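Numbering (our numbering), first residue to last: 90 to 613.
Even for Gly, the Cβ is constructed at its ideal location relative to N, Cα and C.
Every value quoted in this text rests on a predicted model; they were computed, and no experiment measured them.
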Amino acid sequence: MGIPDSVAPDSGRDPITRRGVLGATAAGAAAVALGGTLPETASAAPPAARTPAAGGDLRAAAGVPWKHAVGDPRGSEIATKAGRDKEGRFGVMFKDAEPFTPPDDLLHSLAVVMSEPAGAPLDNPDIPAGFTFLGQFIDHDMTLDRTPLSAQQTDPLALTNFDTPSFDLGSLYGRGPAADPEIYEPGGSGRLRVVRNANGVDDLPRRTDGSAIIGDGRNDENLIVSQLHLLFAKFHNRCLATGLATNLAEAQQLTRWHFQWVIVHDFLPHVAGPATMARFLGGGGAPPSFRREFYKPRNPNRPMMPIEYSVAAYRFGHSMIRPGYLLNARTTPPAAAPIFGAEGSDLRGSRPLPARLEIDWQHFFAVPGKPATPRNQARLIDAKLSAPLFNLPPTVVSDAVTSLAERNLLRGKRLGLPAGQDVASRMGVPPLTNVELDLPYPAHPGWQGKAPLWFYLLRESELEHGGRRLGPVGGRIVTEVILGILDADRGSYLHAKPAFSPKPPIAPAPGEFHMGDLVAFASQ
Ligand code: HEM
């Protein structure tokens, strides 16, 4: 049984193909617009010169409810507005590396060639697709900013008033039952609200407009991440139902620590590889000790989020998104849907879960006792994004730039990211050249012989590991920052109880616990 590559009739391949064609016919115009000489042998032509609308300020999104990081998250402008040496909620990891500022038109032309070619083998055999959305869920947990609005307004650069990044499942628990009672069952049981919706399936509690009542609305952005959120709520409730936890605080700690365990022992080994994990968390001792290399926040008790991580390295997940997913095989043919396509039949969120799109998790993770096929695999971590991500719906973005690749590249420039090669050399990794990276028009003077960090890290993964996991620069940034934040958090198991390890009945055996086991325990 095949996994949908794109799901007819609304796979969304068309828009990007049309863009590609338009781009090819406009190569000359773009060359003039860029003021540079394009090589005669260029294999991919840049697109047409930008229209003012498409080149508009990404900050147009400001003032609308915060979606999955649309607009600059508060404090992320620190490098350009406060200084590269400053640290608050965000900071700069490689402070002495210059910001990289290629012309917007070059970034636009790069974004255009980042679309997946039709028919190529693009699946990652090593990473089941559930890890894509676990990655998105982890991002939301880490970046949730619960700072009261008044404090946010007096400190727009988040230099002093901010919620420190942590992996404490704030998205699940909100501000607790006193401040966010609608997330919890009434009566003080400590259980999170899970409802049976009008379509007859378990769902998150929702408002009349369809939006979920949860600690972080971003986990309602698509129907996969919202069902993952629901899974964690069920895990929490099951800790109480089994008596393994007798109150809210105990259930929270069990759920948080198993979530953190999965990040360390399942997510990071999948995306960065076991060797990179062992580089930072090992040392042969028991419990293992964490080693720091380049992520050294000035205030160890309030670790910052480096822009290199947030605006480039951790956005690797965008290249793992498939155009379409198989949700369950209860029907013939199995239920499948495009991530974004025709409204109503796609996977966009903020609406009650339709019964047809309820997930059976063995199609996303290896679940004990369940068949291994059919399973959605993530796309390779490479410099190609699937077609629907070039035409993001209004539930995801609110301005004219609907290409996720272009947003990431422009955002990197606006927020003062260094070039990929400058980061690699500071980490002692021999930098890849623009020709090796296959950057369009690699010798164009606008590139100054360098490449944008986000693109660099994706190509690095492709060149070093065939896209199966992150390369040395990307893998180390992601691993060190995540482990560094966990290590600094007094409530995390890594800090509070490094010897913690999952046990039966939650785990199948002591110290053995993966996402599939979390699914199995939560779904009993
Ligand atoms: C369907 C899935 C996803 C969609 C539609 C999506 C879309 C977006 C959009 C529109 C932005 C803002 C871009 C900008 O204007 O700068 C963004 C930011 C970001 N995305 Fe995603 N994304 C998805 C999944 C993921 C995944 C799987 C990861 C990582 C594993 C990820 C990591 C990030 C990060 C780190 C940011 C920067 C801000 C933040 O920390 O939240 N995203 N995403």
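Proximity of the beta carbon of D215 to ligand 1 is not indicated: no heavy atom of the ligand is located closer than 8 Å.
Rounded to the nearest whole angstrom, the C-alpha separation of H197 and L281 is 44 Å. Here D511 really is in contact with E187; their C-beta atoms are around 7 Å apart, less than 8 Å. The Cβ atoms of H452 and A418 lie closer than 9 Å to each other. The C-beta separation of N308 from H229 comes to about 6 Å, placing the pair in contact by the 8 Å criterion.
Of all C-beta pairs linking the stretch 528-540 to the stretch 339-348, fewer than three are shorter than 8 Å, placing the two stretches out of contact. For G164, the shortest separation between its Cβ and any heavy atom of ligand 1 does not lie below 8 Å. Contact between the stretch 282-297 and the stretch 236-256 is absent: fewer than 3 CB-CB pairs across the two stretches fall below 8 Å.
Comparing alpha carbon positions, the residue from A267, N288, N286, A444 closest to S278 is A267.
Counting of Cβ neighbours within 10 angstroms places L526 among the buried residues, the total reaching 16 or more. A472 and V201 have their C-alpha atoms roughly 11 Å apart. Ligand 1 never approaches Q349 closely enough for any of its heavy atoms to be under 8 Å from the residue's Cβ. Shown here, D215 sits in a strand according to DSSP, grouped into three states. Less than 9 Å divides the Cβ of W346 from the Cβ of K586.
Proximity of the beta carbon of H229 to ligand 1 is indicated: a heavy atom of the ligand is located closer than 8 Å. For the pair of segments examined, the stretch 501-519 was found to touch the stretch 174-191: the number of CB pairs separated by less than 8 Å reaches three.
Scanning R548, K459, N250 for the CA closest to the CA of S239 turns up N250. Apart from the 5 residues on each side of it in sequence, P561 sits with its Cβ closer than 6 Å to the Cβ of V518 in its chain, given in chain order. Distance from the Cα of S255 is smallest, within the candidate group L607, P591, D578, I595, for D578. Per DSSP, Y262 is one residue of the alpha helix (DSSP H) stretching across 259-262. Distances from the CB of E382 to the heavy atoms of ligand 1 are all 8 Å or more. Straight through space, the alpha carbons of D174 and T484 are spaced by roughly 36 Å.
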